[in-house]
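Number of protein chains: 2
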Amino acid sequence: MDVQQPIAILDSGVGGLTVAKEIMRQLPHEKIVYFGDTARTPYGTRAADEVVQFTREIVEYLAQYDPKMIVIACNTATAFALEDIKKHVNVPVVGVIHPGARAAIGRTNTGIIGVIGTDGTIKSGAYELALKQLNPHIHVISKACPTFVPLVERGNFRSDETFDTVSAALGSLRDYPMDCMILGCTHYPFLAETIGEVMGPEVVLISSAEETAREISTILYEQDKRANIETTPIHQFFCSGQPAMFRVIAKQWLGKQIELTPVVWQVSQMG
Amino acid sequence: MDVQQPIAILDSGVGGLTVAKEIMRQLPHEKIVYFGDTARTPYGTRAADEVVQFTREIVEYLAQYDPKMIVIACNTATAFALEDIKKHVNVPVVGVIHPGARAAIGRTNTGIIGVIGTDGTIKSGAYELALKQLNPHIHVISKACPTFVPLVERGNFRSDETFDTVSAALGSLRDYPMDCMILGCTHYPFLAETIGEVMGPEVVLISSAEETAREISTILYEQDKRANIETTPIHQFFCSGQPAMFRVIAKQWLGKQIELTPVVWQVSQMG
Chain A
-10 MDVQQPIAIL
0 DSGVGGLTVA
10 KEIMRQLPHE
20 KIVYFGDTAR
30 TPYGTRAADE
40 VVQFTREIVE
50 YLAQYDPKMI
60 VIACNTATAF
70 ALEDIKKHVN
80 VPVVGVIHPG
90 ARAAIGRTNT
100 GIIGVIGTDG
110 TIKSGAYELA
120 LKQLNPHIHV
130 ISKACPTFVP
140 LVERGNFRSD
150 ETFDTVSAAL
160 GSLRDYPMDC
170 MILGCTHYPF
180 LAETIGEVMG
190 PEVVLISSAE
200 ETAREISTIL
210 YEQDKRANIE
220 TTPIHQFFCS
230 GQPAMFRVIA
240 KQWLGKQIEL
250 TPVVWQVSQM
260 G
Chain B
-10 MDVQQPIAIL
0 DSGVGGLTVA
10 KEIMRQLPHE
20 KIVYFGDTAR
30 TPYGTRAADE
40 VVQFTREIVE
50 YLAQYDPKMI
60 VIACNTATAF
70 ALEDIKKHVN
80 VPVVGVIHPG
90 ARAAIGRTNT
100 GIIGVIGTDG
110 TIKSGAYELA
120 LKQLNPHIHV
130 ISKACPTFVP
140 LVERGNFRSD
150 ETFDTVSAAL
160 GSLRDYPMDC
170 MILGCTHYPF
180 LAETIGEVMG
190 PEVVLISSAE
200 ETAREISTIL
210 YEQDKRANIE
220 TTPIHQFFCS
230 GQPAMFRVIA
240 KQWLGKQIEL
250 TPVVWQVSQM
260 G
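In structure tokens:
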């Protein structure tokens, strides 16, 4: 195990950048290789076996960088493909669902937890399962918000349209006495300010991104695989679609230019 | 690996009950065997090699219960003995320092983090090391509070004496623009309300207890060692000193009677 190996992050698009940003903040010495499958985003409305296939392809692609850990920074891909990928690689594979679930269990006082995510994530019941495996008495209120990812992938984080879209999707959740809500899609932290305005200050928003980075830190420490603190890593980003919007969003979110390489998938891989 | 094996928790006294309570809350199916070394508390003013020796003795004692994980729920023992114990057992050993450090790194916005603990913990520099290994730009303000553990071990959580003691110890820390403070001793969550009153609402208090339970959850999941959710565990508690006060504090803190067995150490083990 070479501790200078990178952490591989994959997502359907730009959402995993929220996880990447938190890794950069919490673990500034770790090198990241990131793959955003922008050509095939969103994953949230795709069939499970298609998401598994896409996730496998990206993991295979990133294997050339010999990662010490694979982070499935997409809730839909975590819901459908985490167990499959774990069986096929010999490094730790971290998804974004259990970290959010564990954080919510740690934070809630009322035992009533909200979860928002894509259609695929919510229909999979993965959060409810993860929460109830921890504590069967937890009450879970779930809501699919299929209108959120397209906003983020267009870079539309703060606007009247954003507020109206978020209000329309979440208005009905305000009737429940939840005290925390899991942002069960890595795209949603881009919209966190607006979501917070709509839900009100009494609902703590749990970011899978922040919590996943924290758990990556735990696992790297537990397995003695942390990067050398002398390292100033140079991260690498890849996307399968047009790089222009990815570059704009990454600059805006990460606050710096990134080294981005567009990847052309073979036709056979286009699902 | 039998997932019905218990989690072993050890502390110098009752402080580790804060970790036990959080494990019961976050992981209600996990069985706990707990050892409080009340005959030899406090550890905070003892020499490092003495703390290592005591910790080894307790780990040996708890080995008869075949634990699947060992939790050193004492910051002083974590600072001095974690690496030693890790070398001598073949199950995961979790201390309470890194979980608090990782949580603080996740929460801080100003990058200025307060740490309070026993003399031993603060002088060891273990928190500063853990924080700076994560991010060398973090500014750490540390303060030893040797007057806190005796209050807790007497069951004196809320009183004028408690407020005066906490104010006297922490007053000087209020001059620093820290935005979070690590309760770097597992006894301190018993005093959290008073500490919060003294520090003010702008300082988020990080409980090593809550954060350690969270990390235990992460590691058990990552290693596929979680208890069966059909289980309703019966916890076992041991203490090396008089059981009366331990029983009172445990009842008050955990909200229920516990199965407590006093353990008589051999004279050769009394350090």
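Line by line, the protein sequences are chains A and B. Count the first sequence with this note's numbering and you get residues -10 to 260, in order. Count the second sequence with this note's numbering and you get residues -10 to 260, in order. Glycine residues also receive a C-beta, built at the ideal position from the N, C-alpha and C atoms.
Host beta strand (DSSP E) of residue i (start-end)
i       : result
B:Y23   : 21 to 25
A:S196  : 193 to 196
A:L(-1) : -4 to 0
B:L249  : 249 to 251
B:V80   : Premise fails: B:V80 is in no beta strand (DSSP E) and is neither H nor E.
Residue(s) in a DSSP beta bridge with residue i
i      : result
A:H224 : DSSP output for A:H224 lists no bridge partner at all.
A:G103 : A:I130, A:M170
B:M58  : B:I(-4)
Per-residue contacts from residue i into chain A (C-beta, under 7 Å)
i      : result
B:H87  : Y210
B:Q122 : I218
B:P81  : E211
Where the alpha helix (DSSP H) containing residue i begins and where it ends
i      : result
A:P139 : 137 to 142
B:Y116 : 115 to 123
B:V3   : Careful: B:V3 lies outside any alpha helix (DSSP H) and carries neither H nor E.
B:L51  : 37 to 51
A:S156 : 149 to 159
B:R215 : Unbroken run through B:R215: none, as it is neither H nor E.
A:L243 : 232 to 243
B:G185 : 181 to 188
Contacting residues, own chain, Cβ-Cβ under 7 Å from residue i (five flanking each side not counted)
i      : result
A:S229 : D26, T27, A28, R29, V252, W254
B:Q15  : A202, R203, S206
B:T151 : L140, N145, L180, T183
A:G84  : I61, T67, L71
A:G185 : L194
A:P232 : L249, P251
B:I262 : Examination of residue 262 of chain B is not possible in this model, given that chain B is present from -10 through 260 alone.
A:P178 : T7, L172, S196, A198
Chain B residues whose Cβ lies nearer than 9 Å to that of residue i
i      : result
A:G95  : E11, R14, Q15, E199, E200, A202, R203, S206
A:R45  : Those do not exist, as A:R45 stays about 21 Å from chain B at its closest Cβ, beyond 9 Å.
A:R147 : Those do not exist, as A:R147 stays about 20 Å from chain B at its closest Cβ, beyond 9 Å.
Supposed close pair residue i, residue j - CB separation, criterion 8 Å
i      : j       : result
A:S196 : A:A181  : 7 Å
B:T220 : B:Q(-7) : 6 Å
A:T154 : A:P31   : Contact flag wrong, Cβ pair sits at about 15 Å.
B:T175 : B:D55   : Rounded, the Cβ-Cβ distance is 24 Å, inconsistent with contact.
A:A9   : A:Y23   : 6 Å
A:S113 : A:F69   : 7 Å
B:G173 : B:Y116  : 6 Å
A:L51  : A:L243  : That pair is no contact at about 19 Å.
A:H18  : A:N217  : 7 Å
B:V48  : B:T65   : Wrong, their Cβ atoms sit about 15 Å apart, outside the cutoff.
Own chain residues within Cβ distance below 8 Å of residue i, not counting five before or after
i      : result
A:H128 : G100, I101, I102
B:K240 : Q246, I247
B:R163 : V187, M188, G189
B:A158 : I105, K132, C134, T136, F137
A:I223 : K20, E248
B:F235 : G2, V3, G25, T27, F226, C228, L249
B:Y45  : Before going on, a small fix: residue 45 of chain B reads as Arg here, not Tyr. Cβ within range, chain order: A70, D73, I74, H77.
A:N98  : D168
Proximal chain B residues relative to residue i, where beta-carbon distance stays under 7 Å
i      : result
A:P125 : I218
A:R163 : Those within 7 Å of A:R163 in chain B number zero; the least Cβ separation is about 25 Å.
A:R29  : None at all; the shortest Cβ gap to chain B is about 29 Å.
A:P35  : It is Arg, not Pro, that sits at residue 35 of chain A in the sequence shown. By Cβ distance, chain B contributes nothing, its closest Cβ being about 26 Å from A:R35, past 7 Å.
Own chain, CB closer than 6 Å to residue i, minus 5 neighbours either side, in chain order
i      : result
B:Y165 : I130
A:L120 : A90, I127, V129
B:I111 : S131, A133
A:E200 : P88, G89, A92
A:F227 : F24, T250, V252
A:L209 : R215
B:M58  : I(-4), V80, P81
A:F96  : For the record, residue 96 of chain A in the displayed sequence is Arg; it is not Phe. Cβ neighbours of A:R96 beyond the five flanking positions: C169, V193.
Proximal chain A residues relative to residue i, where beta-carbon distance stays under 9 Å
i      : result
B:R236 : Correct list: empty, because the minimum Cβ distance to chain A is about 27 Å.
Proximal residues of chain A, C-beta to C-beta of residue i below 8 Å
i      : result
B:R143 : Simply none; closest approach about 28 Å.
*Looking at chain C, which residues of the segment 200 to 211 of chain A have a Cβ within less than 9 Å of any of its Cβ atoms?*
In the structure shown, chain C cannot be found, because the protein chains are A and B.
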